[in-house]
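In the UniProt record's numbering, the protein residues as written are 1 to 516.
Where a beta carbon is used, it is the ideal one built from N, C-alpha and C, also for glycine.
Please read the structure below before turning to the comments.
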């Protein structure tokens, strides 16, 4: 068999196959999933579609699972189902089986209306859940109860109190109660600790799942495998070889009607303090002694506790022109829509290596990536330094990929060099394989009781300790955002900060995702 045939055979092996012997997420008994805030955008666009995908793949069995929606809006079961239907599959291109699956899935959903701070609605919710458990199991209380709070954090304390007092599963009969809470977890260290204390008085840490959807992304989950299952990374991944690390989030659109909400938080609270900092932990952490969730989270906390205080001269803030034209944004808003922050990790592996976290809205492209830039080759006999350094790039979205930028000989008779890449682009290598959405992966982890990809309380505290002093200086007006034009790279000062931190930009080379 020729090498080309072998390559095609290997590639075909990754194509989708029917789900066989799907591991059921329930050991026994039934599962009740309760989506609080069921009529809101997050539930419609993320939570219910994720549950539907798990249902379609066989992870949620119709004879074991029932789904409840709870919100203040007074609507019927069918009205909620109709609101959700359009987000589950696109009508154009949907197969008859998809449409049949949608109908079956929607029949699992019941709706209960009630307020978030009084017992009446939650007593009714508990009654509906208990009746379902009895009809499924014949015994009250052996069901698992998963509460997903698709709600603003301001109502977390009251909702958690109501769940604790009215809707707990009877755990002595073999079930469990778990709650999933969405970011933002507070606005600074004090508010985060207050929220953690309020929820912690009601639930054990093992019952609380603080969801950060970046930890559910395919290539973020690949980081530990890449680092600790590949021998050639082990000696390279340190201050002796790496010059700097960038973790970048860029959007090519502005706040688009969410200006009032966004203005309360800004880009650092919205993206950098959580999503990008979580990625930094996985890039920088030491090898855990096992893959047990607590061992992994222990190592992440050690990284956060090693981060030095942020210096003002290693921060650039920006606000795009037109941001304050939004009627929901204050005329004199000081909220940054762009920020570049340099973090320094004070430990043996990373001393002297800048970690550059960069996020912005209304920029010239949309992408999220990790860019590890290596040091210059000593004794450069090819005089190719001007072409750029070696880089290892992990593209998180869109067009998931990882590629290594390296210098090679330019094909031809001359001994000249050019920069190229070793490329693993998922769309090409894993043809036909559907990459799961982050939310479906994380909800499945919650049902399985795996907290590896969720934020622990001490981890959350350590993250806020890093950023709270900087955020307070911004809130007090001590640091001002610089204006930048929508569709640009952001403030020019941000590129100057990158250069000062030691990043060398490659000129004349652009990575192009390969076509199928």
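Straight-line CA distance for residue 351 to residue 100?
If you number the chain shown from 1, residue 351 lands on position 351. If you number the chain shown from 1, residue 100 lands on position 100. Near 57 Å, if we compare the C-alpha coordinates of residue 100 and residue 351.
What would DSSP say about residue 501, mapped onto helix, strand or coil?
To locate residue 501, count along the chain shown from 1; it is residue 501. The answer is coil: DSSP assigns residue 501 none of H, G, I, E or B.
According to DSSP, is residue 483 part of a helix, a strand, or is it coil?
Within the chain shown, the letter at position 483 stands for residue 483. Strand at residue 483.
Counting only runs of 3+ residues fully inside the segment 261-308, write out the beta strand (DSSP E) ranges in chain order.
none
Sorted by chain position, which residues of the same chain lie with C-beta nearer than 7 Å to residue 372's C-beta, five sequence neighbours on each side aside?
In the chain shown, residue 372 corresponds to position 372, counting from 1. Result list for residue 372: 242, 245, 391 and 392, in chain order.
Are residue 150 and residue 43 close, meaning C-beta to C-beta below 7 Å?
The count along the chain shown starts at 1 and reaches residue 150 at position 150. The count along the chain shown starts at 1 and reaches residue 43 at position 43. Cβ atoms of residue 150 and residue 43: closer than 7 Å.
Member of 320, 463, 324 and 32 whose CA lies at the smallest distance from the CA of residue 528
No information on residue 528 is available, as it lies outside the stretch 1 to 516 that the chain covers here.
What residue range does the beta strand (DSSP E) around residue 354 cover?
To locate residue 354, count along the chain shown from 1; it is residue 354. Segment 354-360, the beta strand (DSSP E) holding residue 354.
Same chain, Cβ closer than 7 Å to residue 21, five either side skipped, listed in chain order:
Taking the first residue of the chain shown as position 1, residue 21 is located at position 21. With a pLDDT of 38 at residue 21, under the threshold of 50, the modelled position of this residue cannot be trusted; read the value that follows with caution. Cβ-Cβ distances below 7 Å link residue 21 to nothing in the same chain once the five nearest sequence neighbours on each side are left out.
Looking at the strands, I want to know which residues DSSP matches up with residue 443.
In the chain shown, residue 443 corresponds to position 443, counting from 1. The partner list for residue 443 (beta bridge, DSSP) is empty, contrary to what the question assumes.
Can you pull the DSSP bridge partners for residue 425?
In the chain shown, residue 425 corresponds to position 425, counting from 1. Answer is 401, bridged to residue 425.
Between residue 110 and residue 364, what straight-line distance do the alpha-carbon atoms span, to the nearest angstrom?
On the chain shown, position 110 is the one that residue 110 refers to. On the chain shown, position 364 is the one that residue 364 refers to. If you take the alpha carbons of residue 110 and residue 364, they lie about 44 Å apart.
Within a Cβ cutoff of 8 Å, which residues of the same chain sit near residue 345, ignoring the five residues on either side of it in sequence?
As a position in the chain shown, residue 345 is number 345, starting the count at 1. The residues 284, 303, 306, 307, 308, 351, 353 and 355, in chain order, have a CB closer than 8 Å to that of residue 345 in the same chain once the five nearest residues on each side in sequence are set aside.
Flag this pair as touching only if the segment 332-340 and the segment 465-484 have three or more C-beta atom pairs under 8 Å; answer yes or no.
yes
Looking at the structure shown, is residue 148 part of a helix, part of a strand, or coil, going by DSSP?
Working through the chain shown from its first residue, we reach residue 148 at position 148. DSSP places residue 148 in strand when its eight states are reduced to three.
Identify whether residue 34 lies in helix, strand or coil by the three-state DSSP scheme.
By one-based count along the chain shown, residue 34 stands at place 34. DSSP places residue 34 in strand when its eight states are reduced to three.
Looking at C-beta atoms only, is the number of pairs between the segment 210-217 and the segment 445-463 that lie closer than 8 Å three or more?
yes
Under three-state DSSP, which class holds residue 244?
Start at 1 with the first residue of the chain shown, and residue 244 comes out as number 244. If DSSP states are grouped into helix, strand and coil, residue 244 belongs with the strands.
Here's a check: name, in chain order, each residue in its chain whose Cβ is nearer than 8 Å to the Cβ of residue 24, leaving out the five neighbours to either side.
Here residue 24 refers to the residue found at position 24 when the chain shown is read from its first residue. At residue 24, the pLDDT of 47 sits below 50, so the modelled position is not reliable and the matter cannot be decided from this model.
Exposure label - residue 419; buried when at least 16 CB within 10 Å
Indexing the chain shown from 1 puts residue 419 at position 419. Answer is buried; the Cβ neighbour count reaches 16.
Exposure label - residue 231; buried when at least 16 CB within 10 Å
Position 231 of the chain shown, counting from 1, holds the residue named residue 231. Burial call: exposed.
Quick one: is residue 505 buried, meaning 16 or more other Cβ sit within 10 Å of its Cβ, or exposed?
The count along the chain shown starts at 1 and reaches residue 505 at position 505. Result: exposed.
Give me the DSSP bridge partner(s) of residue 318.
The residue you call residue 318 lines up with position 318 of the chain shown. DSSP lists 338 and 482 as partners of residue 318.
Since residue 361 contacts residue 251 with CB under 8 Å, what's their CB separation in whole angstroms?
As a working note, residue 361 is residue 361 in the chain shown. As a working note, residue 251 is residue 251 in the chain shown. The beta carbons of residue 361 and residue 251 sit about 5 Å from each other, so the pair counts as a contact at 8 Å.
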